[in-house]
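Undergrad: Below is a structure I'd like to ask you about.
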Amino acid sequence: MATIKDVAKIAGVTVTTVSRVLNNRGYISEATREKVNAAMEELHYQPNEIARSLFRRKSNLLGLVVPNVSHSFFSELTNYVEFYAYQAGYKVLVCNSYKDSVKEKDYVEMLKRNQVDGIIMGSYTMETSEYLLSGLLIVALDRNFNNGHTFYHF
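Just so we're aligned: the sequence shown equals residues 50 to 203 in the numbering used here.
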């Protein structure tokens, strides 16, 4: 598997230059950009998305926690959330809690570890404080976390 160093070596540039091309930051001449892109193509280079998300502080991942994805309402909700999230450049991690508080808590922790940009909650088996302690942005469906924090609920 090719690394950013391999790309830099083939393109005859520094790792910093490759990074700037990947992140579209700073001035890069068109000729240099073409050399870097050609090297990436030749090596079949795939950027490390985890490293990029740490740098950008944005993962472009959303969590969707529902009680039962096979229920017609949540099935349709999942379909539309994924469709519109993808249009906006996000991928969706779907979590089916089956109204199990242990499973739901595990999912919220997993989503936090994966550094999702936010969670859309359609399942509520945990206490409000547990959602707040996650430190994640939460969009709550049919639930109001009314305790002095700003939340969006529908």
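Idealized CB from N, CA, C, for every residue including glycine.
As the structure is a prediction and not an experimental result, all values here were calculated from the model.
Measure from the alpha carbon of Ile185 to the alpha carbon of each residue in Asp166, His93, Val143, then state which is nearest.
TA: Within the sequence shown, numbered from 1, the residue matching residue 185 stands at position 136. The sequence given here places Leu at residue 185; Ile does not occur at that position. If we check each option's Cα against that of Leu185, Asp166 comes out closest.
Undergrad: Would you kindly report the start and end of the unbroken beta strand (DSSP E) that includes Val141?
TA: Taking the sequence shown and counting its residues from 1, one reaches residue 141 at position 92. Taken as a continuous stretch (DSSP letters only), the beta strand (DSSP E) holding Val141 covers 140-145.
Undergrad: Count Cβ pairs between the segment 51-69 and the segment 83-97 that sit closer than 8 Å; are there 3 or more?
TA: Enough Cβ pairs lie closer than 8 Å, so yes.
Undergrad: Between the beta-carbon of Ser172 and the beta-carbon of Ser146, is there less than 7 Å?
TA: The residue labelled residue 172 in the question sits at position 123 within the sequence shown. The residue labelled residue 146 in the question sits at position 97 within the sequence shown. Against a cut-off of 7 Å, the Cβ pair of Ser146 and Ser172 comes out as a contact.
Undergrad: If you drop the 5 nearest sequence neighbours on each side, which residues of the same chain put their C-beta closer than 6 Å to that of Val157?
TA: Here residue 157 is taken as the residue at index 108 of the sequence shown, counted from 1. Hits under 6 Å: Ser183.
Undergrad: Do Tyr16 and Ile187 have their C-beta atoms within less than 7 Å of each other?
TA: The first residue shown for the chain is 50 and the last is 203, placing residue 16 beyond what the model contains.
Undergrad: According to DSSP, is Phe200 part of a helix, a strand, or is it coil?
TA: Reading the sequence shown from its first residue, position 151 is the one you call residue 200. Any reading at Phe200 needs caution, since the residue's pLDDT is 48, under 50, leaving its predicted position unreliable; the model's value is listed next. Coil.
Undergrad: Work out the CA separation of Ala60 and Tyr139 for me, nearest whole Å.
TA: In the sequence shown, the residue the question calls residue 139 occupies position 90. In the sequence shown, the residue the question calls residue 60 occupies position 11. Their backbone Cα atoms lie some 31 Å apart in a straight line.
Undergrad: Just how far apart, CA to CA, sit Phe203 and Tyr129?
TA: Looking up residue 203 in the sequence shown gives position 154. Looking up residue 129 in the sequence shown gives position 80. Its pLDDT being 43, under 50, Phe203 is placed unreliably by the model, and nothing is read from it.
Undergrad: I'd like to know whether the C-beta atoms of Ser150 and Thr174 end up nearer to each other than 7 Å.
TA: Along the sequence shown, one-based indexing puts residue 150 at 101. Along the sequence shown, one-based indexing puts residue 174 at 125. Contact flag set, yes.
Undergrad: Rounded to whole angstroms, what is the Cα-Cα separation between Gln136 and Asn117?
TA: Mapped onto the sequence shown, residue 136 falls at position 87. Mapped onto the sequence shown, residue 117 falls at position 68. Distance between the alpha carbons of Gln136 and Asn117 is about 24 Å.
Undergrad: Which residues does DSSP pair with Leu160 in a beta bridge?
TA: Locating residue 160 in the sequence shown gives position 111, counting from the first residue. DSSP, once it has assigned bridges, lists no residue as partnering Leu160.
Undergrad: Quick check for students: name the residue ranges of the alpha helix (DSSP H) that lie wholly in the segment 59-106, counting only runs of 4 or more.
TA: Whole alpha helix (DSSP H) segments, 4+ residues: 64-72, 79-92, 98-105.
Undergrad: Would you call Gly75 buried or exposed, if buried means 16 or more other Cβ atoms sit within 10 Å of its Cβ?
TA: Taking the first residue of the sequence shown as position 1, residue 75 is located at position 26. Counting Cβ neighbours within 10 Å, Gly75 comes out exposed, since fewer than 16 surround it.
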